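Asker: Protein chains in written order, with our numbering: chain A, 1 to 563; chain B, 1001 to 1345. Here a beta-carbon is modelled for each residue, glycine too, at the ideal position from N, C-alpha and C. Values in this document were obtained by computation on a predicted structure and should not be read as measured data.
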């Protein structure tokens, strides 16, 4: 009897110790494994059939003009998108959190939609909208005012920046809106009563107080836009303008040189990691509390008539350009049997949807694959992330802050770089060309999003809730099952949906790893983009519907989008 | 009529009404403060005192009324005048201090001078001068986040005084400090006010703070003035049951007490009740004598606090230093005629 209880306790103890460590080690393996593969490959050079250790790939990297051009282009895209989304995101957050603009509660939700949409689909929608001479805007203008209209050139770095800005504005918005809403109003009031006007207060008090959030958002937007593969691929790759991620793709494909590609990937990873660590250190230094708890909520600013009109205009233009117009263009293209730049309602048909959903084996398979990857990936990802969160919040360990920093690294590493490393890792194994390698790459790239969501909620659950269950005789397993998991359920669901959404639209992490039979929705859109725009538009809309369902479910969990 | 007030009136508030939806926070409030004077708006939370301060500062806009500060009309609903907060030239010490965490101590303090376009040398000199006065000279270069609550409070005070405002507003300025520090700051604030001679308006729920800092007190209840006058008078002479209860007196309906007629309520201080086990021989005509039973006794240092049940479900609290009664004892409670307050509402 005595011995029985003891061994039961012992096994419970073993689970309590080993399960969280399992989650952490899987996470570390998913990061270190491909990175090591990439690092080793970057140092190898085949002379005849003999591999030799060499720095030649790196030497080439720092002298090649193509790489320099790609780096500069990425820098331009990252900086441009960062600047525009900082201004736009902060303005939108300020408008809905601080002013009495009509419909502010609805706008608070609507502003988040682009965050869940796919930038790739956005880029495709915008091509249909403003492609030179053949975009909807051009053809409409030509019909109304005559003459062929060229319009703005969407196939340019400016076009890339435009799309990236629209889709990353919600990142800034999310980072800024919470401090804007919760900040002690006395900080701003104190400036006003001591002689500062409205704009002086914004400049000297509000913006500096928002600086930690702005800095985090700026870095994420910069790193993500500079590393995003989809948009430059859709807009500039065919015009010979390459950014770093499309250059990585080119190095793997035309002609294939995995050694040089790996060296480039390692370089990009190093820069990203350095930036992330610098930001962590910088933020740790200047983390101050702006929510005093003793103060009061910021006042709502009563806009004058002109102010209301300006605020509403900004809101509506943002929602039109990021969501309504591109989606409208996609719908018109998808409903047309043959897209000529003009929509003829008389010919409208659902044939494209029918073909893509039921008849064309490539797209049918791609939809099934994406759903399988999203559901399985989100489930496994949430399990691993849940265990990691338990380790990060509940387990006492001296390695905690190191593990925390390590597990957050994939957040900044471009998807295509990670998938390059996985390609190198798997190319000579049976894994290559399977859905499994896509699944592993997806989880490796995106589990930190889930870990952050779950960790935030777990930190808010007082350990005494579990301790009192233990004190009342529950084993660790019972406590997990009956106390912690039910309490944590909203965060687990939110994290699952978040991963589902990301996996449904993912392109960068898939592009180097798919094979015939393992195409995803985004890959199928890419493959069809040259000649079957009707199918592409239909596929894009099917993807958007899946994302929209995810977004609605996510709002129902009431989980905050960023931590 | 409006705006003239009494001849020496420096701050004039006249008929100020402020509503939040259906809730009337300020109900046609009028009062004035003389130049160099100190006034405390005292009352429980929700009585409108902080709203009044925010209306004075320009942080809230009243529905109607008139406010002038140092001869300048800052708000007049009849004429459509409503100056921005920055145009009113005030100093304010906020309850949460609102010391900006992204600035050093001296940067915080020189802010009012900086936005007034005063040269860097001059504003630095003036900020240092006032920091010396509040005893923070050696902390000038520190980040504001490295300061204790009491030190932050001094920074907020220095910032409110550095531009020599005509009127300084204090919103629960001392209530976030611990008891010992609060007492210390109260004395310092008093000395500072005597030295610099600014006109001060304190908003507080703490009677000790109000009595110690202000020469005149306005006790507020539900957006109106309940009692106002010199601090000593407001504290010593109670005319309303609200004031008596607020200052911690026992308040009993008069018809539940023997021989108390011609008034609605009777109030008396807890210290003024005398307890005895036999009929008190020192009783004089007009004294209130009432039998009761000790319910609880709690040790309060030099005295014991008793809860005593009288007839008709009335319970009173009494402070007594004799220490001779136990729960269950029957006692006679006597309050001298001169210590009884007759309260009419």
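#1: Which residues, taken in chain order from the stretch 186–209 of chain A, show a beta carbon closer than 9 Å to some beta carbon of chain B?
#2: Taking the continuous alpha helix (DSSP H) assigned at residue 448 (chain A), which residues delimit it?
#3: Consider the Cβ of residue 1116 (chain B): report whether some Cβ of chain A lies at a distance smaller than 7 Å.
#4: For residue 1148 (chain B), which of helix, strand or coil comes out of DSSP?
#5: Examine chain B for any beta-carbon lying closer than 7 Å to the beta-carbon of residue 404 (chain A), and answer yes or no.
#6: Any Cβ of chain B within less than 7 Å of the Cβ of residue 230 (chain A)?
#7: Taking 7 Å as the limit between beta carbons, can you name the residues of its chain near residue 213 (chain A), skipping five residues before and five after?
#8: When you compare only the Cα positions, how much space is there between residue 404 (chain A) and residue 361 (chain A)?
#9: How is the beta strand (DSSP E) around residue 489 (chain A) delimited, first residue to last?
#10: Just the C-alpha distance for residue 1276 (chain B) and residue 1247 (chain B), rounded to the nearest angstrom, thanks.
#11: Taking the alpha carbon of residue 1162 (chain B) as the reference point, which residue from B:1092, B:1147, B:1227 has its own alpha carbon closest?
#12: With three or more beta-carbon pairs closer than 8 Å as the criterion, would you say the stretch 372–382 of chain A touches the stretch 420–433 of chain A?
#13: Distance cutoff 7 Å, beta carbons only. Does residue 4 (chain A) sit that close to anything in chain B?
#14: For residue 431 (chain A), I'd like the list of residues in its chain whose CB is within less than 6 Å of its CB, leaving aside the five on either flank, ordered along the chain.
#15: Counting C-beta neighbours from all protein chains within 10 Å, is the total for residue 109 (chain A) 16 or more, i.e. buried, or is it exposed?
#16: What's the gap between the Cα of residue 408 (chain A) and the Cα of residue 168 (chain A)?
#17: Just how far apart, CA to CA, sit residue 464 (chain A) and residue 484 (chain A)?
#18: Does the stretch 1337–1345 of chain B come close enough to the stretch 1262–1277 of chain B to have 3 or more Cβ pairs within less than 8 Å?
#19: With a threshold of 8 Å on Cβ separation, who are the neighbours of residue 1153 (chain B) within its own chain once the five nearest residues in sequence on each side are excluded?
#20: In this structure, how does DSSP classify residue 5 (chain A) when only helix, strand and coil are distinguished?
#21: Can you pull the chain A neighbours of residue 1059 (chain B), defined as C-beta to C-beta under 8 Å?
#22: Is the number of C-beta pairs between the stretch 233–241 of chain A and the stretch 116–136 of chain A that are closer than 8 Å three or more?
#23: So, for residue 1328 (chain B): in the same chain, excluding its five sequence neighbours on each side, which residues have a beta-carbon less than 6 Å away from its beta-carbon?
#24: Which same chain residues, not among the five before or five after residue 495 (chain A), have their C-beta less than 7 Å away from its C-beta?
#25: Candidates A:40, A:21, A:193: which alpha carbon is nearest residue 1347 (chain B)'s?
#26: Can you check which of these residues, A:373, A:535, A:426, A:515, is closest to residue 503 (chain A) by C-alpha distance?
#27: Pick out whichever of A:255, A:550, A:341 has its Cα sitting closest to the Cα of residue 493 (chain A).
#28: Alpha carbon to alpha carbon, how far is residue 328 (chain A) from residue 462 (chain A)?
#29: What did DSSP end up calling residue 133 (chain A) once you bin it into helix, strand or coil?
#30: Verify whether the separation of the beta carbon atoms of residue 323 (chain A) and residue 538 (chain A) is less than 7 Å.
#31: Pull up the DSSP beta-bridge partners for residue 1335 (chain B), would you.
#32: Determine whether the Cβ of residue 1122 (chain B) lies closer than 7 Å to any Cβ atom of chain A.
#33: Taking only beta-carbon atoms, is residue 1102 (chain B) less than 7 Å away from chain A?
#34: Kindly confirm or deny that the stretch 1056–1076 of chain B and the stretch 1234–1244 of chain B touch, where touching means at least three C-beta pairs closer than 8 Å.
#35: Using a C-beta cutoff of 7 Å, does residue 1 (chain A) count as contacting chain B?
Answerer: Taking the definition as stated:
#1: 186, 187, 188, 189, 190, 191, 192, 193, 194, 195, 196, 197, 198, 200, 201, 204, 205, 208, 209
#2: Position 448 of the first chain, counted from the first residue, corresponds to residue 448 (chain A). Its alpha helix (DSSP H) spans residues 435–460.
#3: Taking the first residue of the second chain as position 1, residue 1116 (chain B) is located at position 116. Closer than 7 Å: yes.
#4: The count along the second chain starts at 1 and reaches residue 1148 (chain B) at position 148. Note: residue 1148 (chain B) maps to coil in three-state DSSP.
#5: The residue labelled residue 404 (chain A) in the question sits at position 404 within the first chain. Chain B contact via Cβ: absent.
#6: Position 230 of the first chain, counted from the start, is the residue given in the question as residue 230 (chain A). Residue 230 (chain A) does not count as touching chain B.
#7: For the purposes of this step, residue 213 (chain A) is taken as residue 213 along the first chain, with counting starting at 1. Taken in chain order, the residues that qualify are 175, 176, 179.
#8: By one-based count along the first chain, residue 404 (chain A) stands at place 404. By one-based count along the first chain, residue 361 (chain A) stands at place 361. So the two alpha carbons sit approximately 43 Å from each other.
#9: Locating residue 489 (chain A) in the first chain gives position 489, where the first residue counts as 1. Segment 485–505 is the alpha helix (DSSP H) holding residue 489 (chain A); no beta strand (DSSP E) there.
#10: By one-based count along the second chain, residue 1276 (chain B) stands at place 276. By one-based count along the second chain, residue 1247 (chain B) stands at place 247. Straight-line Cα distance between these residues: approximately 25 Å.
#11: Here residue 1162 (chain B) refers to the residue found at position 162 when the second chain is read from its first residue. Ranking B:1092, B:1147, B:1227 by Cα distance to residue 1162 (chain B) puts B:1092 first.
#12: no
#13: Translated into positions along the first chain, residue 4 (chain A) becomes position 4. Unreliable placement is indicated for residue 4 (chain A), whose pLDDT of 45 sits below 50; no coordinate value is reported for it.
#14: By one-based count along the first chain, residue 431 (chain A) stands at place 431. So the qualifying residues of the chain are 437.
#15: In the first chain, counting from the first residue as 1, residue 109 (chain A) sits at position 109. When all chains shown are included, residue 109 (chain A) counts as exposed.
#16: Stepping through the first chain from its first residue, residue 408 (chain A) is reached at position 408. Stepping through the first chain from its first residue, residue 168 (chain A) is reached at position 168. Distance between the alpha carbons of residue 408 (chain A) and residue 168 (chain A) is about 20 Å.
#17: For the purposes of this step, residue 464 (chain A) is identified with residue 464 of the first chain, where counting begins at 1. For the purposes of this step, residue 484 (chain A) is identified with residue 484 of the first chain, where counting begins at 1. About 11 Å.
#18: yes
#19: If you number the second chain from 1, residue 1153 (chain B) lands on position 153. Once the five neighbours on either side are set aside, the close Cβ partners of residue 1153 (chain B) are 1093, 1097, 1173, 1174, 1176, 1177, 1185.
#20: Numbered from 1 along the first chain, position 5 holds the residue referred to as residue 5 (chain A). In this prediction, residue 5 (chain A) scores a pLDDT of 48, lower than 50, which makes its location untrustworthy; the coordinate-derived value is nonetheless stated afterwards. Three-state DSSP puts residue 5 (chain A) in a helix.
#21: Indexing the second chain from 1 puts residue 1059 (chain B) at position 59. Near residue 1059 (chain B) (Cβ distances below 8 Å), the residues of chain A are 189, 192, 193, 299.
#22: yes
#23: Position 328 of the second chain holds residue 1328 (chain B). Closer than 6 Å at the Cβ level, and outside the excluded window around residue 1328 (chain B), lies no residue.
#24: Here residue 495 (chain A) corresponds to residue number 495 of the first chain, with the count starting at 1. Excluding positions up to five away in sequence, the list reads 382, 385, 450, 453, 454.
#25: Within the shown structure, residues of chain B are numbered from 1001 to 1345, placing residue 1347 (chain B) beyond reach of any answer.
#26: The residue labelled residue 503 (chain A) in the question sits at position 503 within the first chain. If we check each option's Cα against that of residue 503 (chain A), A:373 comes out closest.
#27: By one-based count along the first chain, residue 493 (chain A) stands at place 493. That would be A:550, whose Cα lies nearest to the Cα of residue 493 (chain A).
#28: To locate residue 328 (chain A), count along the first chain from 1; it is residue 328. To locate residue 462 (chain A), count along the first chain from 1; it is residue 462. The straight-line gap from Cα to Cα measures roughly 48 Å.
#29: In the first chain, the residue the question calls residue 133 (chain A) occupies position 133. Three-state result, residue 133 (chain A): coil.
#30: What you label residue 323 (chain A) is simply residue 323 of the first chain in a count that begins at 1. What you label residue 538 (chain A) is simply residue 538 of the first chain in a count that begins at 1. No; because the gap between Cβ atoms is not below 7 Å, this pair is not in contact.
#31: As a position in the second chain, residue 1335 (chain B) is number 335, starting the count at 1. Paired residue(s): B:1273, B:1288.
#32: Stepping through the second chain from its first residue, residue 1122 (chain B) is reached at position 122. Closer than 7 Å: no.
#33: Working through the second chain from its first residue, we reach residue 1102 (chain B) at position 102. By this cut-off, residue 1102 (chain B) is an interface position.
#34: no
#35: Counting from one through the first chain, the residue named residue 1 (chain A) turns up at place 1. Bear in mind that the predicted position of residue 1 (chain A) carries a pLDDT of just 41, short of 50, making it unreliable; the figure below should be weighed with that in mind. Residue 1 (chain A) does not count as touching chain B.
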